[in-house]
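With the first letter of the sequence shown counted as 1, position 67 gets the number 67 in this note's numbering; the numbers rise by one all the way through.
We put the CB at the ideal spot given by N, CA and C, even for glycine.
Heads up, the thing below is written out as C-alpha cells.
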Amino acid sequence: MVPRLITSMTQSWKARYPPEDSLPYPRSARIGQPLWKNLWIDLGKLNAPCPSDLLRVGGTVLRMTDPSGSVDPLSSFETIASLRRSSLRVDPDRAISDELIDRLIAVSATAPNHRRTFPWRFRIITGEGRAELGEALALDLIETGQPEAKIEKARSKYLRAPVLIAVASIAGEDPTMTAENRDAVAAAIQTLLLGATAADLASYWSTGAAMTSVRLREFCGFDETDTIVGLLYLGWPIGDPPPIDRPAPESLRIGTSTQTP
Ligand SMILES: Cc1cc2nc3c(=O)[nH]c(=O)nc-3n(C[C@H](O)[C@H](O)[C@H](O)COP(=O)(O)O)c2cc1C
1 MVPRLITSMT QSWKARYPPE DSLPYPRSAR IGQPLWKNLW IDLGKLNAPC
51 PSDLLRVGGT VLRMTDPSGS VDPLSSFETI ASLRRSSLRV DPDRAISDEL
101 IDRLIAVSAT APNHRRTFPW RFRIITGEGR AELGEALALD LIETGQPEAK
151 IEKARSKYLR APVLIAVASI AGEDPTMTAE NRDAVAAAIQ TLLLGATAAD
201 LASYWSTGAA MTSVRLREFC GFDETDTIVG LLYLGWPIGD PPPIDRPAPE
251 SLRIGTSTQT P
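Structure representation (C-alpha cells):
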C-alpha cells in the first residue's frame, strides 16, 4: 500500500513539475548533500521548475529515484518522515480543500489499533469555527482569573492556521484498552502529519491545558469519556522551521542476525 501511495504521489508531483529542457542544472546532477543512499536533498530554496525525477516539498528539492530511474519507496518515505516538522509558519488565509483534508483523515485511519477499536474521532475546525473555539477557550481563562494578555492570545491563536483538527480517543472497556486506544490515536496523528508533509502542508501538533477543557470537548461534541489527544494545525507553509538536531535513537541488536553472510 505504501509503495503504491508514494508512487502515485510522485506521479502527481511529476504532473505539477513537468520535465523542462531549460533547467539551471544538468538533469543527472546531484542536488545538495547525500542524505541516504540514492537520495540527495537540497535544504536551500530552489526557485526553478523540478525535473520529473525530483520532488519538491516546500522549498526543498529531492531526488526521488535511484540511479536506474526507478522510484525507491523507502527513500521517499524516509524523506517525507524527515521533512515533517512542527511549524506554524503558514498562510492563515490560504484554504486547504475539503478533499485534501478528507484524504489525510482517511490515511490517518490506517493506523494500527489493538482489538480493532478504530478509536480515533476527528473534528475539523475552519473559518469562523476557529474564532468560536478561541472564545470558548478564552472563557476557561477568564474563569480562572488569567491575565488579559493570555486571554487575548487564546482568542486569536486558532486563527494562525486555516485548518485545525481536534483528535480524540474513545475510552476502552478497561484501563489497558483505553491506554492502547490512545496509543493508536497517536499513531493515527503521526500518519496524518506525514500525509500532510507529503502534500506539502506544514503541520503542528499541540496539546496543553485545552486538552482537558470541558468547553473544548463540548465544542467538538466529543463524549465525556473521550480523551482529546491533540489539536492539529495545518496550513500551507510560508517559511521553514529552524533546523532540529535529533540524537541517534538508542537501538540494540539482541539475538542472531538475520543477515545472510
Ligand atoms: C503529544 C505531543 C504534544 C505536543 N504538544 C505541543 C504543544 O503543546 N506545543 C508545542 O509547541 N509543540 C507541541 N508538540 C510538538 C513538539 O514540540 C515537537 O514535535 C518537537 O519539538 C520536535 O519538533 P518537530 O515536530 O519539528 O520534529 C507536541 C508533540 C507531541 C508528540
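Go ahead and pull the three-state DSSP assignment for residue i.
i    : result
R121 : strand
L228 : In the sequence as presented, Leu is not what sits at residue 228; that position holds Ile. Strand.
A109 : coil
G235 : strand
S251 : coil
L100 : helix
D42  : Annotation note: pLDDT 42 at D42 (below 50); position unreliable, coordinate value reported separately. Of the three classes helix, strand and coil, the one that applies to D42 here is strand, per DSSP.
A203 : Here the sequence assigns Ser to residue 203, which means Ala is not the residue at that position. Residue state, collapsed to three classes: strand.
A168 : strand
I244 : coil
S257 : coil
S156 : helix
S86  : strand
T144 : coil
Looking at ligand 1, does it come within less than 6 Å of residue i, judged from the CB to the closest heavy atom?
i    : result
S206 : yes
R85  : yes
In whole angstroms, give me the CA-to-CA distance for residue i and residue j.
i    : j    : result
K14  : L74  : Residue placement at K14 is flagged as unreliable, the pLDDT there being 37, under the threshold of 50; the coordinate-derived value follows with that caveat. Approximately 18 Å, taken between the alpha carbons.
R130 : S251 : 42 Å
A248 : Q146 : 40 Å
N113 : A184 : 5 Å
D102 : E148 : 37 Å
T117 : M211 : 21 Å
T178 : L88  : 31 Å
D262 : A171 : Beyond the ends of the chain as shown, which are 1 and 261, falls residue 262; an answer cannot be given.
A187 : S213 : 23 Å
P242 : E173 : 43 Å
D200 : I238 : 11 Å
E224 : A81  : 34 Å
F222 : T260 : 52 Å
L159 : L231 : 13 Å
K157 : R115 : 37 Å
S97  : A106 : 14 Å
W40  : F77  : Low confidence applies here, because W40 scores a pLDDT of 42, under 50, leaving its location unreliable and the question unanswered by this model.
G255 : E143 : 57 Å
R246 : T79  : 15 Å
E180 : I189 : 14 Å
K153 : R253 : 48 Å
Take residue i as the anchor and find which of the options has the nearest alpha-carbon.
i    : options                   : result
A166 : R115, R123, S82 and P242  : R123
V90  : E143, G208, T197 and A171 : T197
R121 : V214, C220, S76 and R253  : C220
E128 : V163, G255, D240 and P175 : V163
I228 : I244, D245, G208 and D240 : G208
R217 : I96, F77, T79 and L133    : L133
L193 : I244, S86 and R246        : S86
P175 : D226, D245 and R246       : D226
Measuring CB to CB, does residue i end up less than 7 Å from residue j?
i    : j    : result
T191 : S108 : yes
R84  : W236 : no
A161 : P92  : yes
S203 : L234 : yes
R155 : S169 : no
I151 : A138 : yes
G195 : L100 : no
A111 : R215 : no
Mind checking whether the beta-carbon of residue i lies closer than 6 Å to any heavy atom of ligand 3?
i    : result
I142 : Ligand 3 is absent from the structure shown, which contains only ligand 1.
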